[in-house]
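I have placed the structure first, in the form of structure tokens, so that the comments after it can refer back to it.
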Amino acid sequence: MADNQSEISSADSAEAQNQLQNEQSEHLSDSPWAKFTAEQLMENCPYTVALKVINTALWGVPAPADANETHATTWVAKAIHDYNVSMAWDDDLFIDYKWDFEGWTKELFSKVERGTLRSLKSVLRHREYTLATITPGWRTLSTTF
């Protein structure tokens, strides 16, 4: 009887996991950004990002701690785009950066395509926010290069 319950429990667990994956896939396909290409989303942005790595269905979906290169790079590319469009400078930019990358670790930054990561650093510098500002987030970003 215990073996039967174990088999049922395993089957229920597998079914629940499949259902969760299907729901996540449906959520991503419902993304309003999924119909665009990375080139279209980054069209007027002067910063270079890895267009072939970006998944537009993940545009605007925060990268979790265990994100892969595609998800992490997509999140950084969106941040670069948003910083360029918003025209935020100095402290306003820093507030946006802290919000966008709260909880990010050196390991997560290391998953981002290198050229895209350099562009993030560039947009932050061009917006007159220097890496001299002492914060854990900046240290993480600056030591990744």
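Residue numbers for the sequence shown follow the UniProt record's numbering, so the first one is 1 and each next one is one higher. Where is the CB? At the ideal position from N, CA and C, for every residue including glycine.
Short check: CB of residue i to CB of residue j, under 9 angstroms?
{"i": "residue 147", "j": "E43", "result": "A question about residue 147 goes unanswered here, because the residues of the chain that appear run from 1 up to 145."}
{"i": "A63", "j": "W99", "result": "no"}
{"i": "I80", "j": "Y47", "result": "yes"}
{"i": "L58", "j": "T37", "result": "no"}
{"i": "A50", "j": "L108", "result": "no"}
Measuring alpha carbon to alpha carbon, tell me which of the options ends up nearest residue i.
{"i": "H126", "options": "M87, K106, F109 and K98", "result": "M87"}
{"i": "D30", "options": "G115, D66, D82 and G60", "result": "G60"}
{"i": "N84", "options": "S110, L41 and T37", "result": "L41"}
{"i": "E102", "options": "V76, T56, V123 and R118", "result": "V76"}
{"i": "Y97", "options": "S110, K106, K111 and D82", "result": "D82"}
Under DSSP, the alpha helix (DSSP H) around residue i begins and ends at which residues?
{"i": "N84", "result": "E69 to S86"}
{"i": "I95", "result": "D90 to D100"}
{"i": "T116", "result": "R114 to H126"}
{"i": "K106", "result": "K106 to S110"}
{"i": "A38", "result": "A38 to L41"}
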